[in-house]
Amino acid sequence: MNDSPLPFFASGEDPGASFADLLRRVAPDRVSAMVPSPSGSAPFEITHGTTIVAIRYADGVVMAGDRRATAGSTIANRRMEKVFPADDYSGVAIAGAAGPAVDMVRLFQVQLEHYEKIEGELLSLEGKANQLAGLIRANLPAAMQGIVVVPLFAGFDERRGHGRVFSYDALGGRYEEADFQAVGSGGVHARNWIKSQWAENMTRDAAVDLALRSLFAAADEDSATGGPDLIRGIYPVIATIDRDGYVALADDDIATRANVLVGGREEGAGL
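Quick note on numbering: the sequence shown equals residues 2 to 272 in my numbering.
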């Protein structure tokens, strides 16, 4: 058990609901360790997550990511998780430098939980999107070395009653997407496929199938993107977020959809 006392702050020094500010005050060494100093490019191959997508549908949003991580031209990992719950009603998917991206997600999750405990209420969806933008902006020194993290954020906005999708640039710029977005090395191929099939007020099942097809299309064109691997039993990670909250699809469900998709392709029915 940790017997260290809880920190206390004077009224003018209270970090408030920001967990990052709290860390800067009580454990500055941990904050500085998260962001390397901008002293040139990284001297080694960095593991990267590749393609992620977010698609709005009638009742919420779908988030999906392939499972492949690459280091240069080498497959570094075939089972990487790229889609995570941020809280009960939002999710974040990661592309770019894998290690810092996962650390950023963990800090983001703690930040949202910390805010809720301090303020006694959930942060608005736009507020959550802004918090993530701040974390990306704090990664700028590392991004200048090529250690870039570019996530997607999406969730169900209880105040507006529909799903919303946010994308970012490496400088922390935040942009709301009207309907969908795809990021990563295969993002342009996934995005083109989604653009040709997306429709307003599409159902949850249709959006899930579209996300899976878009990743399959990306894997067809981009060697860094991993498609459904029926031999090893590796399938994309897919989650939906609506007024019932964040729900990750079971592997069996995704496997069934992937087998139907691959079967149709083999029979000449296209993607």
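Here a beta-carbon is modelled for each residue, glycine too, at the ideal position from N, C-alpha and C. Since the structure is predicted, the reported quantities are computational estimates derived from the model, not experimental observations.
- DSSP lists no bridge partner for Ala139.
- Taken in chain order, the unbroken stretches of beta strand (DSSP E) that lie wholly in the segment 146–233 and span 3 residues or more are 153–158, 163–169, 175–178 and 181–184.
- Taking the Cα positions, Leu136 is about 10 Å away from Val150.
- Under the Cβ criterion (8 Å, minimum of three pairs), the segment 236–246 does not count as touching the segment 70–79.
- Distance from the CA atom of Asp88 to the CA atom of Ala130, rounded to whole angstroms, is 12 Å.
- Here Pro101 carries a helix assignment [DSSP, helix/strand/coil].
- Around the beta carbon of Pro142, fewer than 16 other beta carbons sit within 10 angstroms, so the residue counts as exposed.
- Fewer than three Cβ pairs drawn from the segment 255–265 and the segment 80–100 lie within less than 8 Å of each other, which leaves the two stretches out of contact.
- Around the C-beta of Lys196, fewer than 16 other C-beta atoms lie within 10 Å, and the residue is accordingly described as exposed.
- Under the 8 Å Cβ criterion, the segment 224–237 counts as touching the segment 172–187, having at least three qualifying pairs.
- The residue from Ile119, Ser125, Val106 and Trp194 with its alpha-carbon nearest to that of Gly162 is Ser125.
- Ser168 and Glu178 have their alpha carbons spaced roughly 7 Å apart.
- Taken atom to atom, the span from the alpha-carbon of Gly164 to that of Phe181 is near 11 Å.
- Of the candidates Ser91, Glu82 and Val54, Ser91 places its Cα closest to the Cα of Asp245.
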